[in-house]
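Written out below as structure tokens is the structure these notes cover.
Numbering (this note's numbering), first residue to last: 9 to 239.
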């Protein structure tokens, strides 16, 4: 066989192997076992495990399976985090609404505080959605679905006294923190340490918001000093 033909044969073998990642070839990808290959799990060069894909029949069509979690784990985590996204969306809008309609003593300080809190809440939405996608789950598809899943009560058209609005936001943030703790425990139960780690940061921020709002809500209607909050 000529060198040209030998080289062509090597390239053909390489192409055939690369088009079928479950085919074992020298220096190419090989499954850890036949069972892992059946689940779409495979090892890359150096034995590093890569993300797998699995197609299963049922509602929703193709199922994108993460190699580290069972389908039950993905469904549980995605469902819990989707509810958190719905709550965070509702709380973000509610916080901004209070900020926009607040009046009275120290309005500027309260508005600045609520603007900072809204900026804390919004990134939670993207973080949870990204984590759901990473493990192969699905999340919200519409505002209507978010409204159905959220446990945060919508604000009314009236503008109650400032202490009452702050008290309401305080209770909502406390409820969100509690649901995040429950989801944090669920992630740990399923071995999703990364998801639990992401939640840990947001739980701390929610607890801080609760403390700040509780202090502001307990302040007199005309305080002698503007209420402070951690910078």
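Every residue gets a Cβ at the ideal spot worked out from N, C-alpha and C, and that includes glycine.
Being a predicted model, the structure only gives us computed values, none of them experimental.
The residues 126, in chain order, have a CB closer than 7 Å to that of residue 104 in the same chain once the five nearest residues on each side in sequence are set aside. The continuous stretches of alpha helix (DSSP H) do not include residue 148, and DSSP gives it neither H nor E. Here the alpha carbons of residue 111 and residue 136 stand approximately 34 Å from one another.
Selection 82, 90, 195 and 225 evaluated against residue 132 yields 90 as nearest (Cα-Cα). In terms of Cα proximity to residue 178, the closest of 196, 213 and 117 is 213. In the structure shown, residue 160 falls within a coil segment according to DSSP collapsed to helix, strand and coil. Distance between residue 124 and residue 114, taken at the CA atoms: about 16 Å. For the pair residue 185 and residue 195, the CB atoms are not nearer than the 8 Å cut-off.
Here residue 77 is actually not in contact with residue 140; their C-beta atoms are around 12 Å apart, not less than 8 Å. Straight across, the Cα-Cα distance linking residue 202 with residue 84 is about 15 Å.
DSSP places residue 140 in the uninterrupted alpha helix (DSSP H) bounded by 115–142. Residue environment analysis places residue 217 among the buried positions, since at least 16 neighbouring C-beta atoms fall within 10 angstroms of its C-beta. In the DSSP annotation of this structure, the continuous segment of the alpha helix (DSSP H) that includes residue 205 starts and ends at 201–225. In its chain, beyond the 5 residues on either side, no residue has a beta carbon closer than 6 Å to the beta carbon of residue 161. Here residue 193 carries a helix assignment [DSSP, helix/strand/coil]. According to the DSSP assignment, residue 111 belongs to no alpha helix (DSSP H), since it is labelled neither H nor E. The C-beta distance from residue 180 to residue 99 rounds to 5 Å, short enough to fall under 8 Å.
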